[in-house]
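Student: Every number in my numbering is 30 more than the matching position in the sequence shown, counting from 1.
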Amino acid sequence: PGAAFAACVLVNLQDAPVDAANYYMSDNQGFGLFTFHGVPRKNFYAMKAFRRLLDTPLRAEAAGALPDRLVLCAGLNRGKTEAGVLVVNYRFEGRPVRLDVRGLPWGGPTTFELSVVDAARNLEAARSGALPAEGLDLSAELKAPAVGLLKLRPEADRSSFLIFPPESAYFPSLLISEFTPDISALV
31 PGAAFAACVL VNLQDAPVDA ANYYMSDNQG FGLFTFHGVP RKNFYAMKAF
81 RRLLDTPLRA EAAGALPDRL VLCAGLNRGK TEAGVLVVNY RFEGRPVRLD
131 VRGLPWGGPT TFELSVVDAA RNLEAARSGA LPAEGLDLSA ELKAPAVGLL
181 KLRPEADRSS FLIFPPESAY FPSLLISEFT PDISALV
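Set out below in structure tokens:
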């Protein structure tokens with residue numbers, strides 16, 4: 031649960047009135063990034079997932095997150111050829127976690143790659159493929175506690191996207207806009 035908690039805090043800090051935040055526990059018992067022998071812990075991989083989200087620095091406007099259970103942060107790269115969504119399931123259970131993606135700027139088929147930090151994986155690829163028209167169900171890969179980094183790209187090179195929740199599942203909607211602040215300026 032430590033990795034999901036750390037990632038949940040990082041995402042929630044993005045819209046908090048905070049100028050700076052620090053993580054001081056690099057090797058402190060179970061909360062550190064590394065063991066006493068320098069082996070990365072789950073918290074390290076959660077931080078690494080957040081860092082990879084910064085490759086898509088144009089912030090998304092997110093609505094409907096549950097700040098202490100299920101949070102997300104999204105962005106688009108400057109070339110508008112890739113979108114990134116960090117989904118953190120800290121303690122959200124009982125309902126499916128699904129994404130219904132519409133209005134991608136590249137307007138054609140989209141591929142996705144989902145990397146996960148959980149009890150069994152250290153930011154490893156969990157699933158990839160063509161983005162289904164009916165939406166992407168993340169329930170199997172993101173059982174609490176888990177951190178998921180979703181990368182979306184045009185199938186062929188050709189980028190504000192909108193993610194809507196399907197009617198039967200809970201998930202906040204996202205809107206990426208060129209007019210929102212740069213995520214890297216908020217970190």
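The beta carbon of each residue, even a glycine, is placed where N, CA and C say it ideally should be.
When the Cα atoms are used, what is the spatial distance from ARG183 to ASP85?
Tutor: Computed Cα separation, rounded: 13 angstroms.
Student: Can you tell me where the alpha helix (DSSP H) holding LYS72 begins and where it ends?
Tutor: Start and end: 72-83.
Student: Do you know whose CA, among PRO87, LYS181 and ARG81, lies nearest ALA36's CA?
Tutor: Nearest of PRO87, LYS181 and ARG81 to ALA36, Cα basis: ARG81.
Student: Let me check understanding here. Comparing Cα to Cα, which of GLN44, PHE61, ASN152 and ARG99 lies closest to SER174?
Tutor: A small correction: the amino acid at residue 174 is Ala; Ser does not occupy that position in the sequence shown. Closest option to ALA174, Cα to Cα, is ARG99.
Student: Is DSSP giving PHE35 helix, strand or coil here?
Tutor: Looking at PHE35 - three-state DSSP - the assignment turns out to be helix.
Student: With H, G and I counted as helix, E and B as strand and the rest as coil, what does DSSP make of VAL146?
Tutor: Looking at VAL146 - three-state DSSP - the assignment turns out to be strand.
Student: So, ASN52 versus GLY62, is the Cβ gap smaller than 8 angstroms?
Tutor: Their beta carbons are not under 8 angstroms apart, which means ASN52 does not touch GLY62 by this criterion.
Student: In whole angstroms, what is the alpha-carbon distance linking LEU40 and GLY137?
Tutor: Those two C-alpha atoms are separated by around 31 angstroms.
Student: According to DSSP, is LEU43 helix, strand or coil?
Tutor: The answer is helix: DSSP assigns LEU43 an H, G or I state.
Student: In three-state DSSP terms, what is PHE64?
Tutor: DSSP places PHE64 in strand when its eight states are reduced to three.
Student: What does the Cβ neighbour count give for ALA50, buried or exposed, with the cut at 16 atoms within 10 Å?
Tutor: Counting Cβ neighbours within 10 Å, ALA50 comes out exposed, since fewer than 16 surround it.
Student: Is it right to say ARG125 is buried, meaning 16 or more other beta carbons lie within 10 angstroms of its own, or is it exposed?
Tutor: Its Cβ having fewer than 16 others within 10 Å, ARG125 is exposed.
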